[in-house]
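Take a look at the structure set out below.
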Amino acid sequence: MKVRVHVSLKPGVLDPQGRAIHHSLEGLGFSGVNDVRAGRLFELDVEDGVSDEALDDMCKKLLANMVIENYRIEKVAA
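When the count follows my numbering, it moves up by one through the sequence shown with no breaks and lands on 118 for the last residue.
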């Protein structure tokens, strides 16, 4: 089974990488971009028997920093 884990900063947490990207977009002449928030995407190939609880534990214990980040788990058709 393919699983995607989307990790993003919680609202209100400063995002220096997003700010740098926003600044670079403006410098390249792109207009209309109000804000940029950077995140991470993990793609996992797991056995079909891996439970939702196990996936949740993986995120909480390793893939996301629960103090400043949120995550979303997406199961993808293989």
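Even for Gly, the Cβ is constructed at its ideal location relative to N, Cα and C.
Bear in mind the structure is a predicted one, so any value in this text is a computation, not a measurement.
Can you give me the C-alpha to C-alpha distance between residue i and residue j, rounded to a whole angstrom?
i           : j           : result
residue 59  : residue 112 : 23 Å
residue 63  : residue 73  : 10 Å
residue 66  : residue 55  : 17 Å
residue 104 : residue 96  : 10 Å
residue 92  : residue 109 : 19 Å
residue 100 : residue 94  : 10 Å
Around the C-beta of residue i, are 16 or more other C-beta atoms found within 10 angstroms, so that it is buried, or is it exposed?
i           : result
residue 53  : exposed
residue 98  : buried
residue 117 : exposed
residue 45  : buried
Which residues bound the beta strand (DSSP E) around residue i?
i          : result
residue 79 : 79 to 85
Let's see if you can read the secondary structure: which residues bound the alpha helix (DSSP H) around residue i?
i           : result
residue 113 : Run containing residue 113: none in the alpha helix (DSSP H); it sits in the beta strand (DSSP E), 109 to 116.
residue 64  : 56 to 67
residue 95  : 92 to 98
Check the DSSP bridge columns for residue i and list the partner residues they point to.
i          : result
residue 49 : 109
Three Cβ pairs or more, each shorter than 8 Å: is that satisfied between the segment 42 to 52 and the segment 74 to 90?
yes
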